[in-house]
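Visitor:
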Amino acid sequence: MNFREQIQEEYPFASHWLKIDGHQYHYLDEGQGEPLLMVHGNPTWSFAWRRLVKQLSRSYRVIAVDHMGCGLSDKPQDYSYTLATHIANLQTLITALDLKNITLFAHDWGGAIGMGAAVDLPERFGKFVLMNTAAFRSQEIPLRIAVCRIPVLGAWCVRGLNLFSGAAIRMAVEKHERLTGNIKAGFLGPYDNWQNRVAVHRFVQDIPLKPSHPSYETLKHVEDGLAQFKDKPMLLIWGEKDWCFTTNFLDEFERRFPQAETLRIPDAGHYVFEDAHEIMLPRIEQFLQQLV
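Numbering follows my numbering, in which position 35 of the sequence shown is assigned residue number 252; successive positions increment by one, without gaps.
(1) So Q241 and S297 are supposed to be a Cβ contact under 8 Å. How far apart are they, rounded?
(2) Are the Cβ atoms of L300 and T435 separated by less than 8 Å?
(3) Please name the residue or residues paired with S232 in a DSSP beta bridge.
(4) Around the Cβ of D492, are there at least 16 other Cβ atoms within 10 angstroms (buried) or fewer (exposed)?
(5) Measure from the alpha carbon of W234 to the alpha carbon of each residue in A265, T261, S274, A313, then state which is nearest.
(6) Would you grab the beta carbon distance between F466 and A477 for me? Rounded to a whole angstrom, and I think it's under 8 Å.
(7) Going by beta-carbon coordinates alone, are T309 and I386 separated by less than 8 Å?
(8) Ends of the alpha helix (DSSP H) at H487?
(9) Per DSSP, what are the beta-bridge partners of K344 in this structure?
(10) In this structure, does DSSP put L452 in helix, strand or coil?
(11) Along the chain, where does the alpha helix (DSSP H) that runs through M332 open and close?
(12) Can you tell me where the beta strand (DSSP E) with R278 in it begins and where it stops?
(13) Counting only C-beta atoms, is E491 closer than 8 Å to chain D at any point?
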């Protein structure tokens, strides 16, 4: 049994692909209505949004992407896996589907990618649901991630031993009893060998900590454009036991967006959608409905 068959019950969705620069970019497109665009981070994929897709697609059109190199998208080995490229790919999908009045859902580095698309296409975005993420520069990087950036050693750890994706299952979730074999297969299945973990490694390498980094100016551009959304409806959801995107990041979002609503979940970790989906979903639905 391959992992797609194993996760069929958890992830029963039809696949769609958009060819971008000769490579297949995978996404889900479920339901009808106002568009909800879900943008994952590293090392996840659209599988992370599965519970939200199932429930919210009853009332909305839900699009959940897999960044190039992630999930069911192609995984080219010689490719520019940079923040700018991921933003450009997302913008290509948005314009190809002609999405308007988008509610952006973003997690982890999906925040920088999703908000990057919004900064350049502001007229297409109306609301924001951001969780355990960032869209601005920071010097805060955990040692366990910094190690994965070390040349040679990082590649061996991330691509050879699968320590990044594998460790995330254990360290990003607080309620481990929820991680059934099928759910673990869903998170790990797309990243089952050296070649398929290329983007996972490149994401780690692409964290811009200093001005000389190739993605530093891209992230600064995203950060500089955030203020235009300060009066847009925004819901911030935060698992407070996140050791990566700590509550310091939430504090910065609240400083930049003082009108935002906040849902703090004290006993949830980085994968807040695993630890607290039953808390998140009612609040998300309330947020969406009150702004119709």
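Backbone N, C-alpha and C fix where the C-beta goes; we use that ideal spot for every residue, glycine too.
Note that the structure is a prediction, hence the values are computed from the model and not measured.
Guide: Working from what's here:
(1) Residue mapping note: residue 241 aligns to position 24 of the sequence shown, counting from 1. Residue mapping note: residue 297 aligns to position 80 of the sequence shown, counting from 1. About 16 Å; that fails the 8 Å criterion.
(2) In the sequence shown, the residue the question calls residue 300 occupies position 83. In the sequence shown, the residue the question calls residue 435 occupies position 218. Taking 8 Å as the cut-off, the beta carbon of L300 is found closer than this to the beta carbon of T435.
(3) Reading the sequence shown from its first residue, position 15 is the one you call residue 232. DSSP, once it has assigned bridges, lists L245 as partnering S232.
(4) On the sequence shown, residue 492 is found 275 positions in, with the first residue counted as 1. Burial call: buried.
(5) For this step, residue 234 is matched to residue 17 along the sequence shown. When A265, T261, S274, A313 are compared, the shortest CA-CA separation from W234 is found for A313.
(6) Here the question's residue 466 lines up with position 249 in the sequence shown. Here the question's residue 477 lines up with position 260 in the sequence shown. Cβ atoms of F466 and A477 stay farther apart than 8 Å, at about 13 Å.
(7) On the sequence shown, position 92 is the one that residue 309 refers to. On the sequence shown, position 169 is the one that residue 386 refers to. No, the pair does not count as a contact, with Cβ atoms beyond the cut-off.
(8) As a first step, residue 487 is located in the sequence shown; it is residue number 270 there, counting from the start. For H487, there is no enclosing alpha helix (DSSP H), as DSSP marks it with neither H nor E.
(9) Walking along the sequence shown from the start, residue 344 turns up at place 127. Bridge partners of K344: T320.
(10) For this step, residue 452 is matched to residue 235 along the sequence shown. L452: strand per DSSP, three-state reduction.
(11) The residue given as residue 332 occupies position 115 in the sequence shown. Annotation: the continuous alpha helix (DSSP H) that includes M332 extends over 327 to 337.
(12) For the purposes of this step, residue 278 is identified with residue 61 of the sequence shown, where counting begins at 1. Element bounds for R278: 278 to 282.
(13) Judged by its chain identifiers, the structure shown contains no chain D, having just a single protein chain.
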